[in-house]
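Numbered by this note's numbering, the letters in the sequence shown go through residues 87 to 586 in order. We put the CB at the ideal spot given by N, CA and C, even for glycine. This report concerns only the one structure given below.
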Amino acid sequence: MAGDLIVDGHGIDRRKLLLGGCAALAAPFVQARPGFAAEGGAPLPIPPILEADGAQPVTLTARAGSHSFVPGIKTPTLGYELDYLGPTLRVRRGRSARIDVVNRTDDEISAHWHGAFVPGNMDGGPQGAFAPGKTWSARFDVHHPAATLWYHSHVHGKTGTQVYHGLAGLLLVEDPAAPDGLPSDYGVNDLPLVVQDRSFDSSGRLVYDTSGMALMGGVLGNTICVNGAVRPVADVPRGLVRLRILNGSNARFYDFAFADGRQFHQVASDGGLLPAPVARTRLPLAPAERAEIVVDFSGDAAPVRLISSSVAQGGMMGGGMMGGGSGDRGTFDIMTFAPQATAGAGPASLPASLPAPPFDLGAPVRTREIRLDMHAGSMMGSMFRRLIGGGVMGINGKSYDMGRIDAQLKLGETELWRVSAPMMTHPFHVHGCSFQVVSRGGQAVDPATEGHKDVVAVDARGVEILVRVDQKADKATPFMFHCHILEHEDAGMMGQFTVA
Ligand SMILES: [Cu+2]
Numbered sequence: 087m088a089g090d091l092i093v094d095g096h097g098i099d100r101r102k103l104l105l106g107g108c109a110a111l112a113a114p115f116v117q118a119r120p121g122f123a124a125e126g127g128a129p130l131p132i133p134p135i136l137e138a139d140g141a142q143p144v145t146l147t148a149r150a151g152s153h154s155f156v157p158g159i160k161t162p163t164l165g166y167e168l169d170y171l172g173p174t175l176r177v178r179r180g181r182s183a184r185i186d187v188v189n190r191t192d193d194e195i196s197a198h199w200h201g202a203f204v205p206g207n208m209d210g211g212p213q214g215a216f217a218p219g220k221t222w223s224a225r226f227d228v229h230h231p232a233a234t235l236w237y238h239s240h241v242h243g244k245t246g247t248q249v250y251h252g253l254a255g256l257l258l259v260e261d262p263a264a265p266d267g268l269p270s271d272y273g274v275n276d277l278p279l280v281v282q283d284r285s286f287d288s289s290g291r292l293v294y295d296t297s298g299m300a301l302m303g304g305v306l307g308n309t310i311c312v313n314g315a316v317r318p319v320a321d322v323p324r325g326l327v328r329l330r331i332l333n334g335s336n337a338r339f340y341d342f343a344f345a346d347g348r349q350f351h352q353v354a355s356d357g358g359l360l361p362a363p364v365a366r367t368r369l370p371l372a373p374a375e376r377a378e379i380v381v382d383f384s385g386d387a388a389p390v391r392l393i394s395s396s397v398a399q400g401g402m403m404g405g406g407m408m409g410g411g412s413g414d415r416g417t418f419d420i421m422t423f424a425p426q427a428t429a430g431a432g433p434a435s436l437p438a439s440l441p442a443p444p445f446d447l448g449a450p451v452r453t454r455e456i457r458l459d460m461h462a463g464s465m466m467g468s469m470f471r472r473l474i475g476g477g478v479m480g481i482n483g484k485s486y487d488m489g490r491i492d493a494q495l496k497l498g499e500t501e502l503w504r505v506s507a508p509m510m511t512h513p514f515h516v517h518g519c520s521f522q523v524v525s526r527g528g529q530a531v532d533p534a535t536e537g538h539k540d541v542v543a544v545d546a547r548g549v550e551i552l553v554r555v556d557q558k559a560d561k562a563t564p565f566m567f568h569c570h571i572l573e574h575e576d577a578g579m580m581g582q583f584t585v586a
């Protein structure tokens with residue numbers, strides 16, 4: 087029964103899988119496992135800031151650690167500098183980032199600057215993986231507009247487990263020449279929120295189970311963590327608060343809202359600010375997507391809960407199976423905000439407009455078709471071993487091959503990419519650029535509300551995006567385009583392109 091729920095929750099079309107010839111898929115795959123009952127309510131941890139654009143390089147050491155997701159229970163983890171996750175790297179546009187990434191884990195790792203405009207040899211993708219004991223000196227000029235980016239390990243076949251155990255952190259770009267007038271007191275009224283779902287066994291160890299049907303929809307956890315704490319509480323001033331939300335989950339899609347249904351304003355998406363604040367009551371985020379929102383707590387004396395609705399296509403298992411289900415069927419708790427007595431020192435109102443990057447990609451000079459494939463027909467027998475080894479998932483019928491270049495882009499030329507995903511919704515990511523979503527399911531998209539993106543959720547109805555890459559990448563260190571359900575990426579739903 088549990089397996090049925092989870093399989094259906096993944097939104098995989100079971101009929102198509104069965105027609106593909108794999109009768110074994112009809113059996114339940116995922117057993118309910120014992121785990122500790124993770125109580126939430128600890129204070130929200132705020133990752134320390136590491137200024138990465140000074141005269142001297144900063145060090146980011148990847149290492150094993152031991153982290154308490156809930157007080158009193160130690161969980162073996164990985165982190166950059168920290169026991170779990172990493173510091174918030176901060177860089178300023180117009181300066182240069184200098185980051186020495188040191189590998190003190192017992193496996194190869196990388197550090198991919200997700201969303202950043204850097205050349206291929208600084209991108210930290212699969213070709214940038216390096217061995218235990220080695221140091222990678224990342225040096226790049228910061229061209230990116232102000233944005234909430236992130237970094238994570240990106241070793242082919244290992245990204246899922248490495249990120250799940252903690253090899254990820256935020257990368258904030260500030261633009262001193264373009265002040266935004268938004269709350270900006272980090273950790274006070276400007277809060278980073280890395281939202282992840284995790285599962286634990288009865289001893290508190292993280293469960294990353296690659297043996298089950300869960301791989302088809304991606305690995306899901308049954309416990310929500312924010313910055314490495316289970317459903318935490320954040321003290322906030324009784325005023326405007328900016329939340330920089332990263333869906334840092336391997337596979338889970340969220341549809342965020344506040345429990346009281348209040349309105350908030352979105353001010354930025356993946357790649358930077360929107361032209362003006364956009365009023366919303368819900369915020370869907372696919373894996374790896376970011377959004378910055380501003381919430382007004384000025385009239386609040388009581389705690390305010392951030393929740394998410396269950397999202398069928400991304401792999402929700404229903405509110406009842408999540409810890410912290412809020413009682414309404416189909417929703418679950420993310421975290422709580424506790425407004426304090428004072429208003430704080432931030433701005434009292436939202437600016438009417440924001441210094442957003444221009445939408446200047448122009449008309450495309452060529453079109454590419456990109457189909458995200460799950461090769462259901464080839465999944466007889468040793469399906470799950472083959473999933474992580476590659477060969478089951480692919481793009482345009484081909485599973486990822488580090489030795490094959492799938493596309494050659496011309497520097498600075500705009501292309502139209504028509505991306506489709508026949509079997510389930512996949513979060514599609516392109517390295518080296520921000521892109522603009524043109525249409526979803528044939529419906530035109532307003533760039534003023536969508537903004538500059540580097541991840542977009544794609545389903546069978548298809549999405550069209552305008553892509554222009556202004557960074558070079560040669561065939562030794564090409565850029566990736568891939569599904570950001572990390573288990574799909576590890577299983578081969580990834581391609582690579584050069585830019586010259
Ligand atoms: Cu996928």
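Buried or exposed by the 16-neighbour rule on C-beta atoms within 10 Å, applied to leucine 497:
exposed
Nearer than 7 Å: is that true of the beta carbon of methionine 579 relative to any heavy atom of ligand 1?
yes
Return the CA-CA distance between histidine 230 and proline 269, expressed in angstroms with no decimal places.
Per the coordinates, the alpha-carbon of histidine 230 lies some 20 Å from the alpha-carbon of proline 269.
If you measure between the beta carbons of methionine 594 and valine 312, is that distance less than 8 Å?
No answer is possible for residue 594: the residues shown for the chain start at 87 and end at 586.
Sequence-distant residues of its chain with Cβ nearer than 8 Å to arginine 454 (five each side left out)
Annotation for arginine 454: Ala493, Glu501, Leu502, Trp503, Arg504 place their beta carbon closer than 8 Å to its own, counting only its chain and skipping 5 residues before and after.
Is any heavy atom in ligand 1 found nearer than 7 Å to the beta carbon of isoleucine 571?
yes
Are serine 196 and glycine 219 touching if we call contact CB-CB under 8 Å?
no
Which first and last residues belong to the beta strand (DSSP E) in which glutamate 137 is found?
135 to 137
Return the first residue and the last residue of the beta strand (DSSP E) that alanine 534 is part of.
First-last for alanine 534: 533 to 536, but that is the alpha helix (DSSP H), not the beta strand (DSSP E).
Alpha-carbon spacing of threonine 584 relative to aspartate 382, whole angstroms:
44 Å
Since histidine 574 is in the alpha helix (DSSP H), which residue starts that stretch and which ends it?
572 to 576
For glutamate 375 and glycine 357, what's the separation of their Cα atoms in angstroms?
10 Å
Under the rule that 16 or more other beta-carbon atoms within 10 Å means buried, what is proline 389, buried or exposed?
If you draw a 10 Å sphere on the C-beta of proline 389, you find fewer than 16 other C-beta atoms in it, and that means exposed.
Between the region 555 to 566 and the region 353 to 367, are three or more C-beta pairs nearer than 8 Å?
no
Between Gly252, Gly548, Ile379, Asp459, which lies nearest to alanine 150 when the distance is taken from Cα to Cα?
Gly252
Per DSSP, what kind of secondary structure is glutamine 582 in: helix, strand or coil?
strand
Please report how far the alpha carbon of tyrosine 166 lies from the alpha carbon of leucine 371, in whole angstroms.
In a straight line, the C-alpha of tyrosine 166 is about 25 Å away from that of leucine 371.
For the region 534 to 547 and the region 345 to 362, state whether three or more C-beta atom pairs, one from each stretch, are separated by less than 8 Å.
yes
Distance, histidine 153 Cα to proline 162 Cα
Roughly 6 Å separates the two Cα atoms.
Looking at the secondary structure, which residues open and close the alpha helix (DSSP H) in which threonine 245 lies?
245 to 251
On the criterion of 16 or more Cβ atoms from any shown chain inside 10 Å, does threonine 428 qualify as buried, or is it exposed?
exposed
So, alanine 332 versus leucine 257, is the Cβ gap smaller than 8 Å?
Sequence inspection shows leucine at residue 332; the alanine mentioned does not correspond to that position. The answer is no: Cβ separation not under 8 Å.
Minimum C-alpha distance to phenylalanine 216 - residue among Arg181, Val549, Asn189:
Nearest to phenylalanine 216 by alpha-carbon distance, out of Arg181, Val549, Asn189, is Asn189.
Give me whichever residues DSSP pairs with aspartate 459 in a beta bridge.
Gly480
Does the distance from the C-beta atom of arginine 328 to that of glutamate 378 stay below 8 Å?
yes
DSSP three-state label for asparagine 313, please.
coil
Should aspartate 139 go down as buried or exposed, given a rule of 16 or more other Cβ atoms within 10 Å for buried?
With 16 or more other Cβ atoms inside 10 Å of its own Cβ, aspartate 139 counts as buried.
What is the DSSP secondary structure of glycine 304, reduced to helix, strand or coil?
In the three-state DSSP reduction, glycine 304 falls in the coil class, being neither helix nor strand.
Count the other CB atoms, across all protein chains shown, that sit within 10 Å of the CB of serine 396; report buried if there are 16 or more and exposed otherwise.
buried
Let me check one thing: in DSSP terms, what residues is histidine 512 bridge-paired to?
When DSSP reads this structure, histidine 512 sits in a beta bridge with Val544.
Are valine 555 and glycine 518 closer than 8 Å when you measure CB to CB?
yes
Is glycine 206 helix, strand or coil when you go by DSSP?
Glycine 206 falls in the helix class under three-state DSSP.
List the endpoints of the continuous beta strand (DSSP E) containing proline 262.
Per DSSP, proline 262 belongs to no beta strand (DSSP E) and is neither H nor E.
Just to confirm before moving on: does the CB-CB distance between proline 278 and proline 133 stay below 8 Å?
yes
Identity of the residue in Arg178, Met509, Met302, Met579 nearest alanine 232 by Cα
Arg178
Return the CA-CA distance between glutamine 557 and aspartate 271, expressed in angstroms with no decimal places.
32 Å
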